[in-house]
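Final position of the sequence shown in UniProt numbering is 422; the numbers increase by one with none missing.
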Amino acid sequence: MSSVSWHPEEFYTPFFSDSAKERRPSPIRGLFPLEKRPGVISLLAGKPNPDTFPLTSVTFTARSLYDLEKEDSYTISDSALSQALQYSDTSGLPQLLNWLTGLQEKSHGRKVGEGWRVSVGSGSQDVLYKVKPLIHYPEIEVDAQGISSGSLRKIMDEWPINKPKPRVLYTVPYGCNPTGITTAIERRREVLEIARAHNILILEDDPYFYLYFGDQERPPSFFALEAQMGGTVGNVVRFDSFSKVLSAGIRIGFVSGPEPILRAIDMHTATANLQVSSLTQAIVFSLLSDWGYDGFGKHIEHVSQFYRSKRDVFQSAMKRHLDGLAEWEVPVAGMFFWFKLRLPAHAGAPEGDSKELIETKAYENGVLALPGTVFIPNDTKTAYVRASFSLLDEEQVNEALRRLGEHDTGALMAVFDLIAFT
Numbered sequence: 001m002s003s004v005s006w007h008p009e010e011f012y013t014p015f016f017s018d019s020a021k022e023r024r025p026s027p028i029r030g031l032f033p034l035e036k037r038p039g040v041i042s043l044l045a046g047k048p049n050p051d052t053f054p055l056t057s058v059t060f061t062a063r064s065l066y067d068l069e070k071e072d073s074y075t076i077s078d079s080a081l082s083q084a085l086q087y088s089d090t091s092g093l094p095q096l097l098n099w100l101t102g103l104q105e106k107s108h109g110r111k112v113g114e115g116w117r118v119s120v121g122s123g124s125q126d127v128l129y130k131v132k133p134l135i136h137y138p139e140i141e142v143d144a145q146g147i148s149s150g151s152l153r154k155i156m157d158e159w160p161i162n163k164p165k166p167r168v169l170y171t172v173p174y175g176c177n178p179t180g181i182t183t184a185i186e187r188r189r190e191v192l193e194i195a196r197a198h199n200i201l202i203l204e205d206d207p208y209f210y211l212y213f214g215d216q217e218r219p220p221s222f223f224a225l226e227a228q229m230g231g232t233v234g235n236v237v238r239f240d241s242f243s244k245v246l247s248a249g250i251r252i253g254f255v256s257g258p259e260p261i262l263r264a265i266d267m268h269t270a271t272a273n274l275q276v277s278s279l280t281q282a283i284v285f286s287l288l289s290d291w292g293y294d295g296f297g298k299h300i301e302h303v304s305q306f307y308r309s310k311r312d313v314f315q316s317a318m319k320r321h322l323d324g325l326a327e328w329e330v331p332v333a334g335m336f337f338w339f340k341l342r343l344p345a346h347a348g349a350p351e352g353d354s355k356e357l358i359e360t361k362a363y364e365n366g367v368l369a370l371p372g373t374v375f376i377p378n379d380t381k382t383a384y385v386r387a388s389f390s391l392l393d394e395e396q397v398n399e400a401l402r403r404l405g406e407h408d409t410g411a412l413m414a415v416f417d418l419i420a421f422t
């Protein structure tokens, strides 16, 4: 890997909103680390006495990595439970942060000491919200190769000199929701070069990174690529989530990025919700530490192949029943098909309007579908529909698409209600 340097503290000052600049570290929580020094008697925090807590242990089971028909048991008790039931560091349980730091090194090749660290959030949406500044939202075009570097370059090069330039680029590089597109590696390099040239911060929202099942080697993340390209790093803030691979309800996500950005996120957390649940962090750490990185990799392989199988079933059914009625790109990551219905054109919708179709037919028949217009700025009408293949079994998919395929394009609006998409 090429040697790297990272941006100085002042590089990030223009990215912060006024409220972010006004926040100060908690005077109490900032002293918590001093309590750990041997011999110190702390009169510091208003922590409840754990002797009053009713929980004495927490036991859960998980599917065995090596035999999915069996279960392994895990118990959190004694000092580990005391820590899990008490207030903890805003950025996360130290042992979980250490494990996640090692995971990022293995997954993205980023070394400790390269100007980044990790913080935990209540799902990746939580930490993403906390890093979002008050910005203008110009739309960047997307095609089958992902985010268009040409569109981004044109916007930045032609930006009016009397207006502040956009400073942040948001992107979902693997299995993008809703399009299912995974950005090609050359596009990633081009986007990074533009970001460096214009001092743009890339928000890499990546909940589907571990749900990659393409035939080709998975392209490197923006977080990995900025180090591989050499030069100065620190233009990427990466958001990961366990929601798609461990549990959606456990709400554990984590952010990796430059120290000044993560410090601002932590201060926001400290004033908003104090910290992520220590108990859920302890549960996740108990599982991950037992698995180790190799075990986690084995689990991820199982999950990605599960979704590949689901993708294949849906793709086969689309070919069998909707050939000529819709068009689509085959996703190589994530859990969505983004397909364009061949609908009649009408005023304001030259390619048809899937929203009108769903509201007049599908919903009346008790089906909740997701029209593409909800993903497009300014409520622009579109013929696209997002379909999730994560929950439907093969029989449901084939029956729904078989019924739809019995009708020609002119009758499509009358039969769309037969599809049970989510």
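Cβ coordinates follow ideal geometry from the N, Cα and C atoms, glycine included.
At which residues does the alpha helix (DSSP H) containing residue i begin and terminate?
i, result
"P258", "Careful: P258 lies outside any alpha helix (DSSP H), inside the beta strand (DSSP E) at G253 to P258."
"D157", "S149 to D157"
"F306", "S278 to L322"
"D18", "D18 to E22"
"S5", "No alpha helix (DSSP H) holds S5; the beta strand (DSSP E) holding it covers V4 to W6."
"A345", "From DSSP, A345 is part of no alpha helix (DSSP H); its letter is neither H nor E."
"I194", "I185 to A197"
"E327", "E327 -> not in any alpha helix (DSSP H); beta strand (DSSP E) instead, spanning A326 to W328."
"S354", "S354 to L357"
"L225", "F222 to Q228"
For my contact list, residue i and residue j are in at a C-beta cut-off of 8 Å; report their separation, rounded to the angstrom.
i, j, result
"G334", "G180", "5 Å"
"G295", "L65", "5 Å"
"G234", "P258", "4 Å"
"R308", "G123", "The Cβ separation is near 25 Å, so there is no contact."
"S77", "S278", "About 15 Å; that fails the 8 Å criterion."
"G230", "F242", "Between F242 and G230 the Cβ distance is about 31 Å, and since that is not below 8 Å, they are no contact."
"F285", "W99", "6 Å"
"A264", "A45", "No, A264 and A45 are not in contact; Cβ-Cβ is about 23 Å, not under 8 Å."
"F213", "Q315", "Between Q315 and F213 the Cβ distance is about 12 Å, and since that is not below 8 Å, they are no contact."
"R29", "T90", "6 Å"
"L225", "R188", "6 Å"
"A227", "G109", "7 Å"
"L81", "L55", "7 Å"
Are the CB atoms of residue j and residue i within a distance shorter than 8 Å?
i, j, result
"P207", "R386", "no"
"W6", "T232", "yes"
"G92", "V276", "yes"
"T183", "Q145", "yes"
"L192", "V168", "no"
"R311", "L325", "no"
"K340", "E327", "yes"
"E141", "S148", "yes"
"T271", "R23", "yes"
"T61", "D72", "yes"
"P260", "E35", "no"
"N398", "A282", "no"
"L97", "V120", "yes"
"P377", "E139", "yes"
"Q95", "V118", "no"
"L246", "I194", "no"
"T388", "F336", "Looking at the sequence shown, residue 388 is not Thr but Ser. Closer than 8 Å, so yes."
"G348", "K298", "no"
"R196", "S221", "no"
"residue 432", "L287", "Any answer about residue 432 is impossible in this case: the structure gives the chain only from 1 up to 422."
"E351", "A383", "yes"
"M267", "H198", "no"
"V313", "E394", "yes"
"W116", "S256", "yes"
"V236", "E204", "yes"
In the DSSP assignment, find the unbroken beta strand (DSSP E) run with residue i in it and report its ends.
i, result
"F337", "F336 to L341"
"residue 423", "There is no way to answer for residue 423, as the model of the chain reaches only from 1 to 422."
"D240", "V236 to S241"
"D205", "L201 to D205"
"S119", "W116 to G121"
"Y208", "First-last for Y208: undefined, no H or E at that position."
"Y12", "Note, Y12: premise wrong, no beta strand (DSSP E); not H, not E."
"L169", "V168 to T171"
"R231", "Going by the sequence as given, residue 231 is Gly instead of Arg. That run of the beta strand (DSSP E) goes G231 to V233."
Practice problem: Starting from the N-terminal side, write out each stretch of the alpha helix (DSSP H) that is 4 residues or longer and does not extend beyond the stretch 35-97. | Solution: Runs of the alpha helix (DSSP H) lying entirely within the stretch 35-97, each at least 4 residues long, are 78-84 in chain order.
Quiz item: Would you say the stretch 164-178 touches the stretch 195-212, given that touching needs at least three Cβ pairs under 8 Å?
Solution: Touching, per the Cβ criterion.
Practice problem: Tell me, please, whether the stretch 288-307 touches the stretch 35-50 by the rule of three or more beta-carbon pairs shorter than 8 Å. | Solution: Remark: fewer than three beta-carbon pairs, one from each stretch, lie closer than 8 Å, so the stretch 288-307 and the stretch 35-50 are not flagged as touching.
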